[in-house]
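Written below as structure tokens is the structure these notes are about.
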Amino acid sequence: MGKGVSSSGVSFRFSKCWKQTQHFRIEPKTRRPQIFSLLYAVYSGHNGVRVSDFALQKMAADLLLGQLNGRTTDEAVKDVIRQAFHSVEKGYFDSIDADVATKTALQLQLSVDGLSQYQISQEFGALLEKLGKINVELSVGSSAVLALIYQSKLYIGNIGNCRALLCKTDEFETLTVTQLSVDHNLYNEEEVLRLLRLGLEAQNFENCPLYSTRCIGNYLGKTGYKDCDFLSDASSEPVIFQPEIVGSVPITSACKFLVLMSSGLCRALHDLYPGDTSKGNRNLIQMIAEEFQNQST
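Positions 0 to 296 (numbering that gives the first Met the number 0) are the ones given, in order, by the sequence shown.
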């Protein structure tokens with residue numbers, strides 16, 4: 000199904016007496032034949048919610064206000080999703096121009112020849128404190144995963160540490176789980192190799208292996224990376240904006256449910272099943288499936 004997509008079985012069977020309402024179904028709101036689209040998304044902020052709040056407000060507008068009209072091929076639909084991600088990224092960076100200007104002005108005030116770091120800290124404590132607060136604001140970023148249903152097909156877009164799991168039954172009514180997203184962190188070998196080529200090694204991220212190596216926002220990991228202690232050795236921007244877009248996946252009667260996971264839930268699964276993403280995914284899906292069967296409606 001594409002780069003980064005993995006599939007495994009859960010060895011759990013759905014009861015055939017399930018009510019129809021418990022199946023994964025997507026229908027237009029009216030009975031007239033029409034092209035319809037549905038959007039679901041999870042945004043997980045790190046160091047704050049400024050970016051995730053911005054993305055939440057803007058992404059839907061960049062996808063569902065006519066941009067999909069006339070898009071009949073998978074590549075055309077995926078291009079709309081990609082453009083929406085880029086529009087959110089650009090819009091956010093445009094919105095922080097004043098913060099970046101303030102940061103630059105503070106750094107110029109602190110560029111005093113002949114003074115040691117200790118002397119600067121003693122004489123310009125208030126400026127350093129203000130600069131520190133600005134840097135925290137500029138380090139805010141967000142992981143994201145979205146699911147677009149268009150013309151009865153599923154498309155997934157993700158960046159960072161959010162995750163999408165599609166759960167289907169096979170011919171034996173056994174539930175299978177497929178991860179349709181790609182984790183962008185230090186457990187992804189391709190991301191590790193990319194950072195190595197930039198001059199960064201694993202010890203740079205010793206205390207943050209789940210650091211989002213791709214995200215929306217995070218000026219300090221991108222344009223301002225030279226001011227970030229554990230990223231400053233990189234030869235170019237170490238945190239990048241490059242979402243993964245997967246699709247289409249036809250929605251059939253075998254599709255039971257879709258799980259969109261926040262970065263916090265992914266982190267919790269990693270803590271429970273370190274180094275075994277597939278096992279964590281399977282166990283989570285089995286718990287969800289069991290809960291569905293316990294529900295009366």
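For glycine and all other residues, C-beta sits at the position ideal for the given N, C-alpha and C.
Identify every residue that forms a DSSP beta bridge with residue i.
| i | result |
| --- | --- |
| K167 | T175 and C254 |
| E136 | Note: E136 sits in no beta bridge, so no partner. |
| E243 | N157 |
| L147 | L38 and Y154 |
| L259 | A163 |
Give the range of the beta strand (DSSP E) segment to which residue i is assigned.
| i | result |
| --- | --- |
| V41 | S36 to H45 |
| L195 | Counting along the chain, L195 falls outside any beta strand (DSSP E), though it belongs to the alpha helix (DSSP H) covering E188 to R196. |
Rounded to whole angstroms, what is the Cα-Cα separation between residue i and residue j?
| i | j | result |
| --- | --- | --- |
| T335 | L209 | Lying before the first or after the last residue shown, residue 335 is absent from the chain, which here runs from 0 to 296. |
| N299 | V135 | Given a span of 0 to 296 for the chain in the structure shown, any question on residue 299 remains unanswerable. |
| Q178 | R162 | 7 Å |
| T175 | R281 | 8 Å |
| A104 | I119 | 16 Å |
| A267 | S110 | 43 Å |
| I239 | N68 | 30 Å |
| L230 | T71 | 42 Å |
| Y224 | R193 | 16 Å |
| A54 | Y42 | 8 Å |
| P32 | D61 | Since pLDDT at P32 reaches only 43, below the 50 mark, its modelled position is unreliable, and no value is offered. |
| K221 | S252 | 43 Å |
| L38 | Y272 | 30 Å |
| F35 | G65 | 11 Å |
| Q202 | D232 | 12 Å |
| G131 | S138 | 11 Å |
| Q82 | Q241 | 11 Å |
Can you tell me whether residue i is helix, strand or coil according to DSSP?
| i | result |
| --- | --- |
| V248 | strand |
| N160 | coil |
| L209 | coil |
| K152 | strand |
| L109 | coil |
| S115 | coil |
| F291 | helix |
| A54 | helix |
| L230 | coil |
| S142 | strand |
| G216 | strand |
| L130 | helix |
| L64 | coil |
| L283 | helix |
| P32 | Low confidence applies to P32: its pLDDT is 43, below 50, so where it sits in the model is not reliable enough to give any reading. |
| I25 | Bear in mind that the predicted position of I25 carries a pLDDT of just 35, short of 50, making it unreliable; the figure below should be weighed with that in mind. In the structure shown, I25 sits in coil (DSSP, three-state: anything other than H, G, I, E or B). |
| E122 | helix |
| K278 | helix |
| D182 | coil |
Could you tell me how far apart the beta carbons of residue i and residue j are, in whole angstroms, since I believe they sit closer than 8 Å?
| i | j | result |
| --- | --- | --- |
| D73 | G246 | 6 Å |
| I80 | C166 | With a Cβ gap of about 22 Å, I80 and C166 do not count as contacting. |
| V248 | L147 | That pair is no contact at about 11 Å. |
| I155 | S142 | Wrong, their Cβ atoms sit about 14 Å apart, outside the cutoff. |
| V191 | L185 | 6 Å |
Which stretch, first to last residue, makes up the alpha helix (DSSP H) that contains residue i?
| i | result |
| --- | --- |
| Y91 | D73 to S94 |
| G263 | S262 to L271 |
With a cut-off of 8 Å, does the C-beta of residue i fall near any C-beta of chain D?
| i | result |
| --- | --- |
| S151 | The question asks about chain D, but that chain is absent: this structure has only one protein chain. |
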